[in-house]
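full-length UniProt numbering numbers the first residue of the sequence shown as 1 and each following residue consecutively. Glycine included, every Cβ here is placed at the ideal spot set by N, Cα and C. Notes follow once the structure below has been shown.
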Amino acid sequence: MRPRPRPPSSTRRAETPRHEGERERASPGRRRAMAPPELRTVATALSPSLLRRRGVFLLRLLLLLSVAAMDVASAATAAPLKFGINYGQIANNLPHPAQVSGLLQSLNANRVKLYDADPAVLTAFAGTGVEFIVSNEDLQNLSDARSANAWVAQHVQPFLPATRITCIIVGNEVLSGQDTAAMQSLLPAMQAVYQAVQGLGLAGQVNVSTAHSVNVLATSYPPSSGAFREELGQYIQPILNFLAEVGSPFLINAYPFFAYKASPGSVSLPYVLFEPNPGVVDPNTNLTYDNMLYAQIDAVYAAMKAMGHTDLTVRVSETGWPSKGDADEVGATVANAAAYNGNLMKRIAMGQGTPLKPNVPVDVYVFALFNEDMKPGPTSERNYGLFYPNGTPVYNLGFNGASLSTSPIDYSASSSKPAAITFLMAVVVLLAGFFL
């Protein structure tokens, strides 16, 4: 609450009493012995009326400084957005993990997904409160109980609780490949890792899952008709049963960019970029979808329901949009990448759910933190980053949670806001000591 405005100066002068000495001089009929000038100065400074005036001034000053300190504190402790970021490291020019913490703070992100269990990263983020997902794609090795236990004991347990590791992803998009042996090893590896987590007493802190490409779906439109590919049923059904048993989420990597790239003439760009559009109505549910990502999420819910599971939560372990691509990669532009990720993060900040699950906030890990110059494949694969390796934003995300600077980030600089709060409070204490 702001302090009430001070009265006009003329009123303040009218209300200000004169010093005792002035009142004595104004009464010529009375005479009293005059003290030496030094004592009169001290007496004047200690007069009750002046102390009252100084007390009022001090209270007003304290109030103003307190309001300023609260404003700074509020800005310094803004609640993190409920989104994560994929931290890939297939590059030869990335900053040291110890320097990346400040960059994540500029994004106001509080969750990170790794594609391994890099000890340098996990150590660098100790004590920050950032939640981590770690990964291991060595399915053959993890299928062995002793190997799985050794891996968890070496790569996960030592970093807890200083670094918050909340999930282990076993394999990535395994069911979208052609490796039958890997598909057969996926569930045994997940089970072995979970048993290791249990055996080490970490089951209450760390869950176990695997990430799937959205193309495990045979049907995704309309969302209510979502269904898994028939040939994958023998693998997906037991995985769903396992996830439900241990309380882990179903993870998908969903990229509306690929749908637009494949059919730019039939897929609406505003629909995939979360921009204003008429939307698409699901004829079976009458639910309206104004973006493709939410439709894909609800299609996965429908596919799981068709397999007897309404007890699982869908989380998006990867989604993003490239800022640059090859000549045949339609839509891979800075403007589209900024629109997709910026609009998505705004919705996450609102705690928005999908049309089918409006009360379940969408849980997303954006791909990716940096452009990665050594990734194979088309140009787009090296240009999904929100930042260049030197910390410069690739584009303006257009919301308060992200860095809006167009100059390189000073990774080593700590926030000046806590220091400002400390300075203001120190001023308050000094002034209080001076006046009181």
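- Judged by their CB atoms, Glu329 and Ser263 are not nearer to each other than the 7 Å cut-off.
- Assignment of Asn172 by DSSP, reduced to helix, strand and coil, places it in the strand class.
- By alpha-carbon distance to Ala145, the top candidate from Ala196, Val314 and Lys357 is Ala196.
- Put simply, of Asp116, Gly325, Leu293 and Gln178 the residue whose alpha carbon is nearest the alpha carbon of Tyr384 is Gly325.
- Within 10 angstroms of the beta-carbon of Val281 lie fewer than 16 other beta-carbons, which makes it exposed.
- Judged by DSSP in its simplified three-state form, Arg315 adopts strand.
- In the three-state reduction of the DSSP assignment, Ile236 falls in the helix class, which pools H, G and I.
- Per DSSP, reduced to three states, the secondary structure at Glu131 is strand.
- Given a length threshold of 3 residues, each whole run of the beta strand (DSSP E) inside the stretch 139-226 is given here in chain order: 164-172, 207-213 and 217-219.
- DSSP, reduced to helix, strand and coil, places Pro393 within a strand of the structure shown.
- In this structure, DSSP gives Thr285 a state outside helix and strand, which the three-state scheme calls coil.
- Straight-line measurement puts the Cα of Asn172 at about 13 Å from the Cα of Ile133.
- When rounded, the separation of the alpha-carbon atoms in Lys375 and Asn286 is 42 Å.
- Secondary structure remark: continuous beta strand (DSSP E) runs of at least 3 residues inside the stretch 85-119, in chain order: 109-113.
- Phe83 is positioned such that its CB atom lies closer than 7 Å to that of Ile348.
- C-alpha of Val121 to C-alpha of His309: approximately 36 Å in a straight line.
- Asn207 is the residue among Pro158, Asn207 and His212 whose C-alpha sits nearest the C-alpha of Ala244.
- The beta-carbon distance between Ala148 and Val216, rounded to whole angstroms, is 24 Å. This is too long to meet the 8 Å contact definition.
- The stretch 87-105 and the stretch 358-370 touch, with no fewer than 3 CB-CB distances between them shorter than 8 Å.
- Contact between Gln205 and Thr166 holds: CB atoms are separated by about 7 Å, below the 8 Å threshold.
- Counting along the chain, the unbroken alpha helix (DSSP H) around Tyr340 starts and ends at Val334 to Ala349.
- Per DSSP, the unbroken alpha helix (DSSP H) holding Val272 starts and ends at Leu269 to Val272.
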